[in-house]
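Numbering follows this note's numbering, with no gaps: position 88 of the sequence shown is 89. Heads up, the beta-carbon is just placed ideally off N, CA and C, and yes, glycines get one too. Report on the structure given below.
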Amino acid sequence: MKSLIIKIIGIMLLVVFLVYLFYSPQLEFDVLENPNRSTSKTDYNDKAPQSNQNMNPKITSGLGTLIGKPMDKVTEKLGQADRTYHYMKKYKTFIFQQKDAYIIVLSKAGKVNAIYMTGEGSRKMSGPIKVNDNATNLYNSYSMNTEPHFEVNQKAYHFELSDFDTKTQALIQFDDIYTQVFIDQQRNKIQGIRFLDKEALADINLYSEQNDDPLTKEELDQEAERQTADQTKNQLLTLYDLTNEMRK
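Structure, rendered in structure tokens:
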């Protein structure tokens, strides 16, 4: 009889132990299944690396070296543009569709002010930073500029990048050329690169939280006149082409 009672008690204890093992508040059971699995979790809210020191070398290769040069230099490298249309503040947009690459050049008064590129085919033209590279290497290799300040036409500009900006559209300064790097957070890959001078950086106003002086009535009227149906169609077509290139 005693042995029967002991067996029953033993079975009850075993059942209680199994219930505890399977239904306790996540007893790290997944770690027990795989001892080599780490229990640490990635915190996607961690702050991105930040720095305001300009310690990056001057760009010596790639299309970024054409910033500030005449548009003729772009034509020599890329050929004739597939499309051209007006952009804001007297800028002109040149679209170049290459094999597995989409390139947008912004120019004013015949000078190259900004060059954007995306697509796997752009890697051979982008210089030190390349599309589809791991974004972690970007933060480890270059100094981020989170508070750029500069002057254009005797007017001072001061931008402040948020943590989100730094993780999705980081800004790197190479001497007098700024580089905006677009990052796909889900893949942690570089999705697009834009080289630009300080004039374009000020005019385009890349970071929305930075206040800029509004356009005067005269400037608004001029922009309205330039904003033709053809321009709107071109901008929509550019957005469509860009989306298709990024999905490849």
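Euclidean distance between Cα positions of residue i and residue j
i, j, result
"ASN154", "THR119", "31 Å"
"SER127", "ILE194", "8 Å"
"THR66", "ILE130", "13 Å"
"THR137", "LYS156", "35 Å"
"PRO58", "MET145", "13 Å"
"HIS159", "GLU152", "9 Å"
"LEU202", "VAL182", "13 Å"
"LEU238", "LEU64", "23 Å"
"THR169", "MET247", "15 Å"
"PRO71", "GLU77", "11 Å"
"THR73", "THR61", "The residue you asked about is not Thr; residue 73 is Asp in the sequence shown. Rounded to whole angstroms, ASP73 to THR61 spans 19 Å at the Cα level."
"GLN174", "ASP204", "17 Å"
"GLU29", "GLN187", "Note that GLU29 scores a pLDDT of 36, beneath 50, so its modelled location is shaky and nothing firm can be said."
"ASP242", "TYR140", "29 Å"
"TYR143", "THR85", "34 Å"
"TYR179", "TYR208", "14 Å"
"LEU240", "PHE196", "19 Å"
"ILE116", "ASN135", "21 Å"
Beta-carbon proximity list for residue i, same chain, < 6 Å, skipping 5 on both sides
i, result
"GLY122", "GLN99, LYS100, ASP101 and ALA102"
"LYS190", "ASN133"
"ILE104", "PHE97 and MET118"
"MET89", "none"
"PRO149", "PHE160"
"MET56", "SER144"
Cβ-based neighbour list, residue i, same chain, cut-off 7 Å, excluding 5 preceding and 5 following
i, result
"GLN236", "none"
"GLY69", "LYS112, VAL113 and ASP198"
"ASP185", "GLN192"
"LEU82", "What sits at residue 82 in the sequence shown is Ala, not Leu. Taken in chain order, the residues that qualify are PHE95, ILE96 and PHE97."
"GLU200", "ASN114 and VAL153"
"ASP176", "LYS59"
Extent of the continuous beta strand (DSSP E) to which residue i belongs
i, result
"ILE194", "190–197"
"VAL153", "150–153"
"LEU107", "102–109"
"ALA157", "156–159"
"TYR88", "No beta strand (DSSP E) contains TYR88, which DSSP labels as neither H nor E."
"TYR179", "178–185"
Environment of residue i [buried if 16+ CB atoms lie within 10 Å]
i, result
"ARG124", "buried"
"LYS91", "exposed"
"ALA110", "exposed"
"LEU172", "buried"
"LEU162", "buried"
"LEU107", "buried"
Segment limits, alpha helix (DSSP H) that includes residue i
i, result
"THR167", "164–169"
"LYS74", "72–79"
"THR94", "Segment 93–99 is the beta strand (DSSP E) holding THR94; no alpha helix (DSSP H) there."
Identity of the residues DSSP links to residue i by a beta bridge
i, result
"ALA115", "LEU107 and LEU197"
"MET145", "ILE173"
"ASN135", "LYS190"
Own chain residues within Cβ distance below 8 Å of residue i, not counting five before or after
i, result
"GLY80", "PHE97"
"THR244", "none"
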